[in-house]
Ligand SMILES: Nc1ncnc2c1ncn2[C@@H]1O[C@H](COP(=O)(O)OP(=O)(O)OP(=O)(O)O)[C@@H](O)[C@H]1O
Ligand SMILES: [Mg+2]
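Below, the structure is given as structure tokens:
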């Protein structure tokens, strides 16, 4: 069963050329999707449509088999969380604790449950000891984690992360990735990023948008067989694809899907060699 089903949607900002054109999409349980494409391709627009912030001009959308038109933005946000490209957009209170718990407060969750859920999320995201800090004084990485905390509090099954790594240094990016890995097992994740190496390493399905149209939607294996799809829309060939392409020249080299597979393979070989 599809969790999200999108049929033939179109969207145009006022007086502009179409931002999303004739787009179809089926998203199922346990998928980790990388949404890529050049600047202006329509990635954030599609994310906002899926999160219910903007409505398509035509076409049909279902969330858990219910028409989006029958759902309020609050109904949708309980099922789909959207981490904005700019973390400041979401910050509206004066402490990290309030930021994470504000959605629960609005939903009138009992104080006891609100405290328990909020504290668990703060611990999970490593924000517990700084929960009283004002969100404005935080670094970009910390702000993104606070935003993620707000989203997790409403327990959505689908989480869309729009450029989550932008502006993060190596350690903070690795740190965010470690949270995303934990979320992978019981969420559908849609990751939008220009960091294609990270996308290829993390996701199992890749969607390429160009000029509002979906021009590729398949597994990483299929993208590796046809890497020209990236070059066609002006994207760089990621290092991982170049490396795996070179490794194919070695006899008996297995087909690998990510760096972790490669490390496991090399470790095994070294063990045998020793
Ligand atoms: N609020 C808006 N009003 C008018 N046009 C907009 C608005 N937001 C986006 N657009 C236009 O819609 C198109 C798609 O933009 P969108 O932000 O979805 O692209 P994107 O793929 O997320 O790009 P980026 O990689 O730069 O974040 C672009 O042509 C953009 O100029
Ligand atoms: Mg964008």
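Residue numbers (our numbering): 22 to 295.
Quick reminder that beta carbons are idealized off the backbone N, C-alpha and C, glycines included.
Cβ pair residue 173, residue 142 closer than 9 Å: yes
Contact test: residue 152 Cβ vs ligand 2 heavy atom, cutoff 8 Å: no
Alpha carbon of residue 270 to alpha carbon of residue 50, nearest angstrom: 36 Å
Residue 182 beta carbon near ligand 1 (any heavy atom closer than 8 Å): Relative to the non-hydrogen atoms of ligand 1, the Cβ of residue 182 never comes closer than 8 Å to any of them.
Distance cut-off 8 Å: residue 219 Cβ against heavy atoms of ligand 2: Because no heavy atom of ligand 2 lies under 8 Å away, the Cβ of residue 219 does not count as near it: no.
Beta-carbon separation (whole angstroms), residue 30 vs residue 79, contact threshold 8 Å: The pair is a contact, with the Cβ atoms about 7 Å apart (cut-off 8 Å).
Collapsed DSSP secondary structure at residue 254 in the structure displayed: coil
From 123, 260, 251, residue whose alpha carbon lies closest to that of residue 167: 123
Distance CB(residue 201)-CB(residue 189) smaller than 9 Å: no
Below 6 Å from a heavy atom of ligand 1 - residues by beta-carbon: 34, 37, 40, 58, 60, 61, 62, 63, 64, 65, 66
8 Å CB neighbourhood of residue 183 in its chain, flanking five on each side removed: Hits under 8 Å: 64, 65, 68, 103, 104, 105, 106, 213.
For residue 256 and residue 137, the rounded distance between their alpha carbons: 45 Å
At least 3 beta-carbon pairs within less than 8 Å: the region 228-247 vs the region 193-207: no
Local conformation of residue 205 per DSSP, three classes: helix
Beta-carbon proximity check, residue 101 vs residue 73, cutoff 9 Å: Their beta carbons are under 9 Å apart, which means residue 101 touches residue 73 by this criterion.
Cβ-heavy atom distance, residue 213 to ligand 2, below 8 Å: yes
DSSP three-state assignment for residue 106, whether helix, strand or coil: coil
Own chain residues within Cβ distance below 8 Å of residue 250, not counting five before or after: 229, 236, 237, 244
Nearest to residue 144 (by Cα), restricted to the options 59, 160, 170, 156: 170
For residue 22, the three-state DSSP class (helix, strand or coil): coil
Own chain residues within Cβ distance below 6 Å of residue 149, not counting five before or after: 143
Beta-carbon proximity of residue 265 to residue 287, cut-off 9 Å: no
C-beta atoms of residue 178 and residue 186 nearer than 9 Å: It is not a contact, given that the beta carbons lie outside the stated cut-off.
Supposed close pair residue 70, residue 46 - CB separation, criterion 8 Å: The Cβ separation is near 10 Å, so there is no contact.
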